[in-house]
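Undergrad:
Residue numbers (the UniProt record's numbering): 1 to 217.
1) Between residue 60 and residue 161, is the Cβ-Cβ spacing less than 8 Å?
2) Measure how close the beta-carbons of residue 164 and residue 57 come, nearest whole angstrom, since I'm counting them as under 8 Å.
3) Looking at the unbroken alpha helix (DSSP H) that takes in residue 193, where does it start and where does it end?
4) Please determine if the stretch 112-129 and the stretch 171-188 are in contact, where contact requires at least 3 C-beta pairs separated by less than 8 Å.
5) Starting from residue 151, trace the alpha helix (DSSP H) in both directions and tell me its first and last residue.
6) Could you check which residue in 191, 185, 43 and 62 has the C-alpha nearest to that of residue 86?
7) According to the neighbour-count rule (16 or more other Cβ atoms, all chains shown, within 10 Å of its Cβ), is residue 172 buried or exposed?
8) Excluding sequence positions up to five away, which residues of its chain have a Cβ less than 8 Å from the Cβ of residue 24?
9) Please look up how many angstroms separate the CB atoms of residue 51 and residue 168, rounded, as I've assumed it's under 8 Å.
In structure tokens:
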């Protein structure tokens with residue numbers, strides 16, 4: 001074994017080799033990415049912000065030939081279904097119980113719309129990156145294959161287009177559900193938030209009470 005080989009083995013054992021350096025370089029990036037991921041609240045506004053608007057959906061339908069969602073019909077049918085269900089339940093449920101049930105039902109519609117819109121937003125960004133000559137790391141493969149099939153970027157665009165239509169349709173359904181909740185309860189729907197007292201706050205109060213023993217009279 002040469003002196004150079006021995007030095008490499010010692011460096012690797014001590015975590016100073018090239019692989020260790022590469023791993024250390026990647027770790028901060030992973031942490032920064034995880035820390036940078038935004039937390040999206042389950043609200044109708046969040047779904048509307050991430051889902052494509054009507055004019056963009058019209059372009060998607062025209063370019064990709066996907067099914068054109070009838071947003072007004074989806075919105076109205078969802079609202080009517082929830083209202084009809086609530087009226088059937090009303091005789092056997094008190095007002096509070098029915099309100100809680102409706103809050104959960106509407107929450108499921110809104111949650112589905114937000115999740116779908118988030119997925120669309122992510123896949124649309126991926127499609128843009130794949131279609132960009134600068135951002136695409138596989139641009140040498142970004143060409144039609146021998147069999148004439150679609151390339152990776154084209155498939156990504158088609159997939160994002162389908163997800164955009166789905167997100168738009170689910171947003172319409174969520175809007176209908178929110179409207180039904182307002183019609184039935186007379187209140188604006190809001191996501192359920194459980195009141196939880198943080199343990200740190202309890203500890204701080206306990207510490208404050210203990211410190212009060214040392215206060216000067």
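Beta carbons are placed, not taken as given, at the ideal position from N, Cα and C, and that holds for glycine.
TA: The relevant details are as follows:
1) yes
2) 6 Å
3) Premise fails: residue 193 is in no alpha helix (DSSP H) and is neither H nor E.
4) yes
5) Looking at the DSSP string, residue 151 is not in any alpha helix (DSSP H), and its letter there is neither H nor E.
6) 185
7) buried
8) With a pLDDT of 49 at residue 24, under the threshold of 50, the predicted position of this residue should be treated as unreliable, though the coordinate-derived value follows. Hits under 8 Å: none found.
9) Contact between residue 51 and residue 168 is confirmed by a C-beta separation of about 5 Å, below the 8 Å threshold.
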